[in-house]
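Here is the structure we will look at, set down as structure tokens.
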Amino acid sequence: MAKESIGIGLIGLGIVGGQVAKVLLEKADILAEQAGCPCVIRKIKVLSADPDRPLAREIPAGLLTTDTDEFFAEPGIDIVVEAIGGENPALDYLKRAISRGQHTVTSNKEVIAKHGTELHALARKQGVGLRYGGSVGGGIPLIAPFKYDLVANRITSICAIINGTTNYILTRMEREGIDFPSALKSAQELGYAEANPANDIEGIDAHYKLAIMASLAFQADVRPGKIYHEGISRLDSRDFRCARELGFTIKLLAIAKLINNSIEVRVHPAFVPEDSLLAKVDGVHNAILVEGDLVGKVLFYGEGAGALATSSAVTADVVSSAQDILHGVSDRAVRKSASAISIKPMAEIETRYYLRMNVADQSGVLAQISKVLGDNQISISAVIQNEADITAQVSEIMITTHPAHEKAIQQALGELAKLGVVKEINNFIRVESD
Ligand code: HSE
-19 MAKESIGIGL
-9 IGLGIVGGQV
1 AKVLLEKADI
11 LAEQAGCPCV
21 IRKIKVLSAD
31 PDRPLAREIP
41 AGLLTTDTDE
51 FFAEPGIDIV
61 VEAIGGENPA
71 LDYLKRAISR
81 GQHTVTSNKE
91 VIAKHGTELH
101 ALARKQGVGL
111 RYGGSVGGGI
121 PLIAPFKYDL
131 VANRITSICA
141 IINGTTNYIL
151 TRMEREGIDF
161 PSALKSAQEL
171 GYAEANPAND
181 IEGIDAHYKL
191 AIMASLAFQA
201 DVRPGKIYHE
211 GISRLDSRDF
221 RCARELGFTI
231 KLLAIAKLIN
241 NSIEVRVHPA
251 FVPEDSLLAK
261 VDGVHNAILV
271 EGDLVGKVLF
281 YGEGAGALAT
291 SSAVTADVVS
301 SAQDILHGVS
311 DRAVRKSASA
321 ISIKPMAEIE
331 TRYYLRMNVA
341 DQSGVLAQIS
351 KVLGDNQISI
361 SAVIQNEADI
371 TAQVSEIMIT
381 THPAHEKAIQ
391 QALGELAKLG
401 VVKEINNFIR
411 VESD
């Protein structure tokens, strides 16, 4: 007998969960038309049944429960939407739902990045869908293109700005010449960065998102633990000035490249040419540049976070799951893991570099520095020396290199630090082009 409605169980009624509930209620008619029948919230698992919570009036109190067992015992839930974030108990809830034969929807990047392979296997075994369109890039359609629209391609690279908070901070530093702590403070005041901003500023959030995209793009099991990640807290306003002088800006990039049968996956700040597409992505926006052998370069751009944007992706996943249920199928996309693909150690990557250091203002200094670089097979592409501080007898030099191996640059940095004429190595940043 045809189903008359699809039952939704929602876990979490916070920023994302609350917005999803609102959309399911306010757009019920449109969603019913799209899905093929009404999608009805049957139960909502919350941490506390606070009567003063937002949505208290719109959502009948009887739908709320704080009891996990009561939530899972509720009959008629076809789709479980997990909207609490974090690894646990979200992972347990997803496993429990899948094991019960319920389709699942989540925007939880940490769980999917760390446990996506096992959850996919479990969902496949149970014949249900596991959807996570909101886990990367908020409302930007990204997961579905990787799963469906780009499958005829051999994806060769992803170069992305996928953390809005850090992009906001870097944009402020670049535009206003302010330092990192002031830009971070401003991001916190505006509610972009959390009180503990480590997840964003240390590249942790971005490396989860890159793990998800790389796993889909390369049909590989790319775990976050295998992804090199470095944040933006070492950047100084002087780096932005140097970048500008050399025709670059600085962005936190998430990069995945397929080279022969091996992939590079890394998250770090990078110099990008000021006329490149990614250099123009400002503020909290995200942009993901994907290159495939058939499609060429495609750019996905938009709001990468926020309740409204994320609810767009989560609700679409609910509708897709409802359509599958009505048609008696599970998610038709297959996630394979190509075991032949290996992840390149960071030491083996090859890219260009920028170095900024304080050196003694005396003759023969550049010769000593270029000897160290030359001995490590690193070729210099540009050198800028600022006016010396006469009292301190120190001057600042910036060097950019031609492509070199990471291992060689690390070795050279160690040797440079030991030179008596090098007072301080202030920063080194990789230089990328899209
Ligand atoms: N904290 C993330 C960002 C949003 O700043 O992009 C959630 O993924």
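Numbering follows my numbering, with no gaps: position 262 of the sequence shown is 242.
We put the beta carbon where it would ideally sit given N, CA and C, even for glycine.
Just so it is clear, the structure is predicted and the values come from calculations on it, not from any experiment.
Taking 6 Å as the cut-off, the C-beta of alanine 285 counts as close to a heavy atom of the ligand HSE.
Nearest Cα to leucine 196 within the set Ser162, His248 and Ile92: Ile92. Nearest to arginine 203 by C-alpha distance, out of Leu43, Pro40 and His187, is His187. For glycine 144, the CB falls within less than 6 Å of some heavy atom of the ligand HSE. The Cβ atoms of alanine 327 and glutamine 357 do not sit closer than 7 Å to each other. By the criterion of at least three beta-carbon pairs nearer than 8 Å, the segment 61 to 71 is not in contact with the segment 30 to 42. Taking 7 Å as the cut-off, the Cβ atoms of glycine 114 and valine 294 count as close.
A straight line joining the alpha-carbon of leucine 150 with that of arginine 134 spans about 32 Å. Secondary structure at histidine 100: helix, using DSSP grouped into helix, strand and coil. For valine 116, there is no enclosing beta strand (DSSP E), as DSSP marks it with neither H nor E. Remark: three or more beta-carbon pairs, one from each stretch, lie closer than 8 Å, so the segment 374 to 392 and the segment 337 to 345 are flagged as touching. Checking the DSSP bridge columns, you'll see proline 249 partnered with Leu232. Shown here for alanine 392: same chain residues with a beta carbon closer than 7 Å to its own, the five before and five after excluded, namely Val352, Leu353, Asn356 and Ile358 in chain order. Counting only residues of its own chain and dropping the five nearest sequence neighbours on each side, isoleucine 243 has a CB closer than 8 Å to the CB of Ala194, Phe198, Ala200, Val202, Ala236, Lys237, Ile321, Ser322, Ile323 and Lys324. For the options Ala259, Gly205, Lys127 and Leu99, the alpha carbon positioned closest to that of glutamate 154 is the one of Ala259. Within the same chain, and ignoring the five residues on either side of tyrosine 128 in sequence, the residues whose Cβ sits closer than 8 Å to its Cβ are Ala313. Taking 7 Å as the cut-off, the beta carbon of leucine 27 is found no closer than this to the beta carbon of cysteine 19. Beyond the five residues adjoining it in sequence on each side, proline 253 comes within less than 7 Å, by CB distance, of Gly227, Phe228, Ala259 and Ser413 in the same chain, given in chain order.
Aspartate 369 sits in a strand when the DSSP states are folded into three classes.
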